[in-house]
Amino acid sequence: MVRSIGKTMVQGKNYGPQITVKRISTRGRKCKPIFVQIARQVVKLNASDLRLPSRAWKVKLVGEGADDAGGVFDDTITEMCQELETGVVDLLIPSPNATAEVGYNRDRFLLSPSACLDEQLLQFKFLGILMGVAIRTKKPLDLHLAPLVWKQLCCIPLVLEDLEEVDLLYVQTLNSILHIEDSGITEDNFNEVIVVFLQLKVRSYDIGMMRRGKESQRSLEESDGSHPFSFGFNTGTDMDGEI
Numbered sequence: 001m002v003r004s005i006g007k008t009m010v011q012g013k014n015y016g017p018q019i020t021v022k023r024i025s026t027r028g029r030k031c032k033p034i035f036v037q038i039a040r041q042v043v044k045l046n047a048s049d050l051r052l053p054s055r056a057w058k059v060k061l062v063g064e065g066a067d068d069a070g071g072v073f074d075d076t077i078t079e080m081c082q083e084l085e086t087g088v089v090d091l092l093i094p095s096p097n098a099t100a101e102v103g104y105n106r107d108r109f110l111l112s113p114s115a116c117l118d119e120q121l122l123q124f125k126f127l128g129i130l131m132g133v134a135i136r137t138k139k140p141l142d143l144h145l146a147p148l149v150w151k152q153l154c155c156i157p158l159v160l161e162d163l164e165e166v167d168l169l170y171v172q173t174l175n176s177i178l179h180i181e182d183s184g185i186t187e188d189n190f191n192e193v194i195v196v197f198l199q200l201k202v203r204s205y206d207i208g209m210m211r212r213g214k215e216s217q218r219s220l221e222e223s224d225g226s227h228p229f230s231f232g233f234n235t236g237t238d239m240d241g242e243i
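Mapping to UniProt numbering: the sequence shown position 151 is 151, numbers consecutive.
Below you can see the structure in the form of C-alpha cells.
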C-alpha cells in the first residue's frame, strides 16, 4: 500500500484546490456544520487533485483574516470529527453497548443505518475521502469507530463476536431464542409466552415483525430464523449502504 500511495502522490504542490468555509453567523442565519460545507465542495473535485502529502485542499475562511498555511486545514479536520461524534452531523451513532451501558466499546461509534438520504450518502463518501487524506498526510482522524466498522471497510467477514462487542444484549437475546426450548417453551405455548416479538435495528426501531402497532404472530420454528447466522448480522447489514 505504501508503494501505491507513493506512486500516485502529487508532488511539487503545497496544497490542493481551495474551498471556502463560513464559521461566523451573519444576519441571524446559523452556519451549516463545517463537515457539511466542506463535503459539498470536496465530493465534486477530481480525486487525483487531492493526492497530496500534506494539505489536500486549502481552506479559505469567510469573514476571517486567517490564511491557511496548514493550521486552518488541521483545525477544520478536528472540528469535523467533533461534529460527527457529537451528533451535529447525523452520520454516526453510539454503539448499542454505550446506550445500554454494558459490554465493550462503549466509547465507540457505528455508521447510522438511518442516514440513507442522497445528501447523507454523499457525506459518507466524503468521510471516506477524509480517511484517504488521513492516510496520505499521516495525520490520523480523531474518530472512535467500532472495530466492526473497520472490518467492514476492509471487507473482512464478520463473526458473532464482532456483533457482541458492540451489542451484547442483542446477542444474548438471540442466543436465548436459539435455545428457547431449554426454558420450557414449546410450539403449543409459544404465542402465549412470547406475546410481542420485535427485531430492532441499532437505533431501536422495529424492522417488520411489528409494524404500525400491529402484532405479527411468530411460531417456534420461525423464531429459529432470528439468530444472526440465519438472517445476517443486524448491525452489519444495516450499514451496508453507508459502507
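The C-beta atom is built at its ideal place from N, Cα and C for all residues, glycine as well.
These figures come from a predicted structure and were not determined experimentally.
Distance between residue j and residue i (C-alpha atoms, nearest Å)
i	j	result
residue 24	residue 31	7 Å
residue 149	residue 33	24 Å
residue 79	residue 184	54 Å
residue 145	residue 65	35 Å
residue 216	residue 162	Confidence at residue 216 is low in this model, with a pLDDT of 46, below 50, so the placement of that residue is unreliable and no value is reported for it.
residue 107	residue 94	7 Å
residue 41	residue 160	39 Å
residue 2	residue 156	20 Å
residue 228	residue 179	Note that residue 228 scores 48 on pLDDT, short of 50, meaning its location in the model is unreliable and no value can be drawn from it.
Residue span of the beta strand (DSSP E) that contains residue i, given as start and end
i	result
residue 93	92–94
residue 110	109–111
Bridge-paired residues (DSSP) for residue i
i	result
residue 21	61
residue 15	55
residue 29	26
residue 145	109
Unbroken alpha helix (DSSP H) run spanning residue i, endpoints
i	result
residue 175	168–178
residue 48	Run containing residue 48: none; DSSP gives neither H nor E here.
residue 102	Here residue 102 belongs to no alpha helix (DSSP H), and DSSP marks it neither H nor E.
residue 6	2–8
residue 256	Nothing about residue 256 can be reported from this structure: the residues present for the chain run from 1 to 243 only.
Buried or exposed (CB count within 10 angstroms, at least 16 for buried), residue i
i	result
residue 18	exposed
residue 208	Residue placement at residue 208 is flagged as unreliable, the pLDDT there being 42, under the threshold of 50; the coordinate-derived value follows with that caveat. Result: exposed.
residue 76	buried
residue 5	exposed
residue 142	exposed
residue 176	exposed
residue 13	exposed
residue 153	exposed
residue 117	exposed
Candidates the options, of which the one nearest residue i by Cα
i	options	result
residue 62	154, 38, 98	38
residue 43	168, 163, 121	121
residue 71	97, 126, 15, 125	15
residue 112	96, 1, 90	90
residue 59	152, 46, 35	35
residue 165	154, 102, 47	102
residue 104	92, 169, 11, 53	169
residue 51	124, 7, 26, 74	7
Distance cut-off 7 Å: residue i Cβ against heavy atoms of the ligand HEM
i	result
residue 89	For the structure depicted, the ligand HEM is absent and the ligand set is empty, with no information on it obtainable.
Any C-beta of chain D under 8 Å from that of residue i
i	result
residue 28	No chain D is part of this structure, which consists of one protein chain only.
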